[in-house]
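Line by line, the protein sequences are chains A and B. Going by full-length UniProt numbering, the first residue of the first sequence is number 1, and it counts up by one from there. Going by full-length UniProt numbering, the first residue of the second sequence is number 1, and it counts up by one from there. What follows is a set of notes on a single structure, which appears directly below.
2 protein chains.
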Amino acid sequence: MNVGEVAALAGVTVRTLHHYDRIGLLSPSGRTSTGYRQYSPADLDRLHQVLLYRDLGFPLEEVATLVDDPSADPAEHLRRQHRLLQDRLERTRAMVAAVEKEMEARAMGIDLTPQEKFELFGDWLPEEYEAEAEQRWGDTEAWAQSQRRTRAYTKDDWVRVKGEGEDVETRFAAALRAGVPADSEPAMDLAEEHRQQISRNFYDCTLEIHAGLGRMYVEDERFTAHYERIAPGLAQYVSDAIRANAARRER
Amino acid sequence: MNVGEVAALAGVTVRTLHHYDRIGLLSPSGRTSTGYRQYSPADLDRLHQVLLYRDLGFPLEEVATLVDDPSADPAEHLRRQHRLLQDRLERTRAMVAAVEKEMEARAMGIDLTPQEKFELFGDWLPEEYEAEAEQRWGDTEAWAQSQRRTRAYTKDDWVRVKGEGEDVETRFAAALRAGVPADSEPAMDLAEEHRQQISRNFYDCTLEIHAGLGRMYVEDERFTAHYERIAPGLAQYVSDAIRANAARRER
DNA sequence: CTTGACCCTGACGCGACGTCAGGCTGTGCA
DNA sequence: TGCACAGCCTGACGTCGCGTCAGGGTCAAG
Numbered sequence: 001m002n003v004g005e006v007a008a009l010a011g012v013t014v015r016t017l018h019h020y021d022r023i024g025l026l027s028p029s030g031r032t033s034t035g036y037r038q039y040s041p042a043d044l045d046r047l048h049q050v051l052l053y054r055d056l057g058f059p060l061e062e063v064a065t066l067v068d069d070p071s072a073d074p075a076e077h078l079r080r081q082h083r084l085l086q087d088r089l090e091r092t093r094a095m096v097a098a099v100e101k102e103m104e105a106r107a108m109g110i111d112l113t114p115q116e117k118f119e120l121f122g123d124w125l126p127e128e129y130e131a132e133a134e135q136r137w138g139d140t141e142a143w144a145q146s147q148r149r150t151r152a153y154t155k156d157d158w159v160r161v162k163g164e165g166e167d168v169e170t171r172f173a174a175a176l177r178a179g180v181p182a183d184s185e186p187a188m189d190l191a192e193e194h195r196q197q198i199s200r201n202f203y204d205c206t207l208e209i210h211a212g213l214g215r216m217y218v219e220d221e222r223f224t225a226h227y228e229r230i231a232p233g234l235a236q237y238v239s240d241a242i243r244a245n246a247a248r249r250e251r
Numbered sequence: 001m002n003v004g005e006v007a008a009l010a011g012v013t014v015r016t017l018h019h020y021d022r023i024g025l026l027s028p029s030g031r032t033s034t035g036y037r038q039y040s041p042a043d044l045d046r047l048h049q050v051l052l053y054r055d056l057g058f059p060l061e062e063v064a065t066l067v068d069d070p071s072a073d074p075a076e077h078l079r080r081q082h083r084l085l086q087d088r089l090e091r092t093r094a095m096v097a098a099v100e101k102e103m104e105a106r107a108m109g110i111d112l113t114p115q116e117k118f119e120l121f122g123d124w125l126p127e128e129y130e131a132e133a134e135q136r137w138g139d140t141e142a143w144a145q146s147q148r149r150t151r152a153y154t155k156d157d158w159v160r161v162k163g164e165g166e167d168v169e170t171r172f173a174a175a176l177r178a179g180v181p182a183d184s185e186p187a188m189d190l191a192e193e194h195r196q197q198i199s200r201n202f203y204d205c206t207l208e209i210h211a212g213l214g215r216m217y218v219e220d221e222r223f224t225a226h227y228e229r230i231a232p233g234l235a236q237y238v239s240d241a242i243r244a245n246a247a248r249r250e251r
């Protein structure tokens, strides 16, 4: 098949296919002697995958890594797509629910403040995280559990959870400023408290998972930035305390 | 509130707010003496609307017309948002169903051709139409009915529907080429058949609605292009035949 | 052998921001 | 009272995913 036919079949423009060819996302498996692009059924399959992941909001570069993932057979792709679509379904349902709540509030004469509206809508769970969270957490049970639990959270729950988190963070910062070593008892205890908190509020945070989180705090600049804003050196400090705590508990 | 706070609350970047200010989509209602942007609660409400419509896939220019729509009070906005979200829910559900069908097919050892996969996924109902269809058809009963009915269509149904449509179109083209006047009996009969077909397959197409469609065929370049590709002058011809048919039947 | 639909490769344009750069403002604390 | 540092300002250029010409070759039907 040549470009025009493929474009019509897939519902994209010829230019899009040219683009995918140029950036190496989807190069037709053949060319005619006169330079016409020739797409094979396998190419069409790949295009199908590409368009699906694209529609799910992934930038093309990530789409490439997803469809090229050597550890993913067709069945794995289907499972992943299914999961992503389910997530999207959930988020859309949540948005519908938010709009309905607003309608209800209006019907009852209650006037929500803009803040409440934003909170209802959950900008703390923005759409962009769809792709991101998937990549970060993948298909882990922890993520699924967290999704299930937080789904039921009310606004007050979130306020409480956030408060608890900030509490531990400020106490970490105080310890750091006081010169308490990261591998000392009190620092390790704080780390343990941090772990328990996550387990209570999100998912069973094992020592192993917690250690992973600790590493992430220094490796992922967004998390690092979060801690550094509270106190310089805090990301590394928390990370070290978590590692020390994991080492102590593992024995 | 100044930009940073608003950005944090709404989950967007400061740059985004600057952008919205520059393009006039959301200009803060005030500035401090030193030029700092000051956002009022009303501004936040507007931002909330903007972000919602943006998330629904509207380009910012259209978002502006939507939020500025003088005929839309808050309740109307909520209803519209609710509708759009429901549509999105439906489409996502359809995609989930498609993936599940693929999984089933695989489980049963059936290998779908790429064509079948694309058809399952319905590129004939692409995501982009979400915003477009809304604007075109708005909240009309016809559109709602069409949505409800076509939702249950199988692949075979679509093939049949498409075939019927093409049948009438080619007969229109033949009449045009044969020099049959657009306001003659046979042409009007074709128009009437066209109307019945829509009524059967999509929604109760009244004479009035049909007349509106006829106008659209010559006014909207995309529809015009569709007919012109079949035969030059066909858009105008079909439009005229529809108008003649409506005039005849109205008496 | 022409005509019109289809294909090719640049190359520029655009929407919705991201990302500096260079400079002013506001505030906690020494 | 001064200063450090976070936060705000306005350009201005960069990026992503294509849309849209421009200029030119190709293919099939009549």
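A virtual CB, placed ideally from N, CA and C, is assigned to each residue, including glycine. Predicted, not measured: the structure shown is a model, and the values here were computed from it.
Residue contact check for residue 67 of chain A against chain B: no CB pair falls below 8 Å. Using beta-carbon distances, residue 113 of chain A counts as an interface residue toward chain B, with a partner under 8 Å.
The bridge partners DSSP lists for residue 30 of chain A are A:38. Close partners of residue 81 of chain B in chain A (Cβ separation under 8 Å): 99. For residue 30 of chain A, the number of other beta carbons within 10 angstroms of its own is below 16, and it is reported as exposed. When 9 Å is used as the limit between beta carbons, residue 19 of chain A is near no residue of chain B, the shortest such separation being about 17 Å. If you look at residue 245 of chain B, you'll find it in the alpha helix (DSSP H) that goes 234-250. For residue 108 of chain A, the three-state secondary structure derived from DSSP is coil. Residues of chain A with a Cβ closer than 8 Å to the Cβ of residue 86 of chain B are, in chain order, 96. Around the beta carbon of residue 43 of chain B, 16 or more other beta carbons lie within 10 angstroms, which makes this residue buried. Not a single C-beta of chain A is nearer than 8 Å to the C-beta of residue 25 of chain B. The Cβ of residue 7 of chain B sits no closer than 8 Å to any Cβ of chain A.
One finds 9, 10, 11, 44, 48 in chain A with Cβ atoms closer than 8 Å to the Cβ of residue 118 of chain B, taken in chain order. A straight-line Cα-Cα distance of about 18 Å links residue 100 of chain B and residue 88 of chain B. For residue 7 of chain B, same chain residues with a beta-carbon under 8 Å away, outside a window of 5 residues either side, are 13, 14, 16, 17 in chain order. Excluding five sequence positions before and after residue 175 of chain A, the CB atoms of its chain that fall closer than 7 Å to its own CB belong to 186, 187, 190, given in chain order.
Annotation: Cβ neighbours of residue 102 of chain A in chain B (cutoff 7 Å, chain order): 78.
Interface with chain B (8 Å Cβ-Cβ cutoff): residue 74 of chain A is included. Non-local C-beta neighbours of residue 27 of chain A in its own chain, meaning closer than 7 Å and more than five positions away in sequence, comprise 21, ordered along the chain. At a C-beta separation below 8 Å, residue 89 of chain A has these neighbours in chain B: 89, 92, 93, 96. Residue 37 of chain A is classed as buried because its beta carbon has at least 16 other beta carbons within 10 Å across all chains shown. Counting only the Cα atoms, residue 84 of chain B lies some 29 Å from residue 77 of chain A. Interface flag for residue 106 of chain B against chain A is set, since a Cβ pair is found closer than 8 Å.
Classified as exposed, residue 177 of chain A has fewer than 16 neighbouring CB atoms from the shown chains inside 10 Å of its CB. Taking C-beta separations shorter than 7 Å and ignoring five residues to either side along the sequence, the partners of residue 168 of chain B in its chain run 190, 193, 194, 197, following chain order. Within 10 angstroms of the beta-carbon of residue 233 of chain A lie fewer than 16 other beta-carbons, which makes it exposed. Annotation: residue 25 of chain B to residue 60 of chain B spans about 8 Å, alpha carbon to alpha carbon. Per DSSP, residue 180 of chain B is not a residue of any alpha helix (DSSP H), being assigned neither H nor E. Cβ contact annotation for residue 243 of chain B (same chain, cutoff 7 Å, sequence separation greater than five): 211, 214, in chain order. One Cα belongs to residue 179 of chain B, the other to residue 97 of chain A, and the distance between them is close to 57 Å.
The C-beta distance from residue 241 of chain B to residue 173 of chain B rounds to 12 Å, too long to fall under 8 Å, and the pair is not in contact.
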